[in-house]
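Position in the sequence shown (from 1) plus 52 gives the number in the numbering used here.
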Amino acid sequence: MDKFELLEAEYEQHFKVPFPTRIIGFWDPLHDSVEYIESEGFEKMKAAVDSAIAKNEPIEELPKDVWENVIF
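Encoded structure:
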(Lines of atoms letter the chains of each structure in order from A and count residues from 1; the text may use other names and numbers.)
(Lines give C-alpha, C1' and ligand atoms only; values in the text may rest on other atoms or scores of the structure.)
Protein backbone atom coordinates (compact mmCIF):
# COMPACT_ATOMS: atom_id res chain seq x y z
CA MET A 1 0.00 0.00 0.00
CA ASP A 2 1.48 3.37 -0.95
CA LYS A 3 1.29 6.55 1.10
CA PHE A 4 -1.78 7.82 -0.78
CA GLU A 5 -3.68 4.59 -0.14
CA LEU A 6 -2.69 4.75 3.53
CA LEU A 7 -4.15 8.26 3.83
CA GLU A 8 -7.36 7.15 2.12
CA ALA A 9 -7.59 4.14 4.45
CA GLU A 10 -7.08 6.37 7.51
CA TYR A 11 -9.88 8.65 6.29
CA GLU A 12 -12.21 5.73 5.53
CA GLN A 13 -11.53 4.12 8.91
CA HIS A 14 -12.36 7.34 10.74
CA PHE A 15 -15.48 8.35 8.79
CA LYS A 16 -16.68 4.84 7.85
CA VAL A 17 -17.33 5.99 4.26
CA PRO A 18 -15.30 5.70 1.05
CA PHE A 19 -12.75 8.43 0.35
CA PRO A 20 -14.44 11.11 -1.80
CA THR A 21 -13.56 10.98 -5.49
CA ARG A 22 -15.22 14.15 -6.80
CA ILE A 23 -12.83 16.65 -5.24
CA ILE A 24 -10.54 19.36 -6.56
CA GLY A 25 -7.64 20.73 -4.61
CA PHE A 26 -4.77 18.30 -4.10
CA TRP A 27 -3.33 18.30 -7.61
CA ASP A 28 -2.40 21.18 -9.86
CA PRO A 29 -3.13 20.20 -13.48
CA LEU A 30 -0.33 22.50 -14.63
CA HIS A 31 2.16 20.57 -12.51
CA ASP A 32 1.39 16.92 -13.07
CA SER A 33 4.89 15.53 -12.73
CA VAL A 34 5.42 12.57 -10.45
CA GLU A 35 7.78 14.67 -8.34
CA TYR A 36 5.12 17.35 -7.76
CA ILE A 37 2.38 14.85 -6.96
CA GLU A 38 4.64 12.85 -4.63
CA SER A 39 5.70 15.97 -2.71
CA GLU A 40 3.38 18.98 -2.80
CA GLY A 41 0.30 17.07 -3.91
CA PHE A 42 0.72 14.52 -1.15
CA GLU A 43 1.31 17.21 1.48
CA LYS A 44 -1.90 19.01 0.43
CA MET A 45 -3.85 15.75 0.60
CA LYS A 46 -2.34 14.87 4.00
CA ALA A 47 -3.18 18.31 5.39
CA ALA A 48 -6.78 18.01 4.18
CA VAL A 49 -7.21 14.51 5.62
CA ASP A 50 -5.59 15.47 8.93
CA SER A 51 -7.79 18.56 9.19
CA ALA A 52 -10.96 16.64 8.34
CA ILE A 53 -10.22 14.02 10.99
CA ALA A 54 -9.20 16.60 13.63
CA LYS A 55 -12.42 18.57 13.06
CA ASN A 56 -14.48 15.41 12.51
CA GLU A 57 -15.80 16.98 9.29
CA PRO A 58 -15.64 14.87 6.11
CA ILE A 59 -14.07 16.34 2.99
CA GLU A 60 -16.84 17.85 0.89
CA GLU A 61 -17.40 16.16 -2.43
CA LEU A 62 -18.71 18.07 -5.45
CA PRO A 63 -22.25 17.11 -6.49
CA LYS A 64 -22.31 14.69 -9.42
CA ASP A 65 -24.02 17.17 -11.78
CA VAL A 66 -21.38 19.82 -11.04
CA TRP A 67 -18.53 17.30 -11.40
CA GLU A 68 -19.80 16.18 -14.79
CA ASN A 69 -19.66 19.77 -16.05
CA VAL A 70 -16.12 20.51 -14.87
CA ILE A 71 -13.72 20.84 -17.78
CA PHE A 72 -10.29 19.42 -17.05
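We put the CB at the ideal spot given by N, CA and C, even for glycine.
Which listed residue (the options) has its alpha carbon closest to that of residue i
i	options	result
V128	E112, G77 and D54	Nothing about residue 128 can be read from this structure; the chain reaches only from 53 to 124.
A61	D102, P115, V86 and W119	D102
P110	Y88, D117, A99 and W119	A99
F67	K107, F124 and I75	K107
I76	M97, D54, V86 and M53	M97
W119	S85, V86 and P72	P72
K55	F94, P81, P115 and N121	F94
Backbone CA spacing between residue i and residue j [nearest angstrom]
i	j	result
Y63	A104	8 Å
For residue i, the three-state DSSP class (helix, strand or coil)
i	result
F56	helix
G77	coil
D102	helix
Local Cβ density within 10 Å of residue i, reported as buried at 16 or more and exposed below that
i	result
F124	exposed
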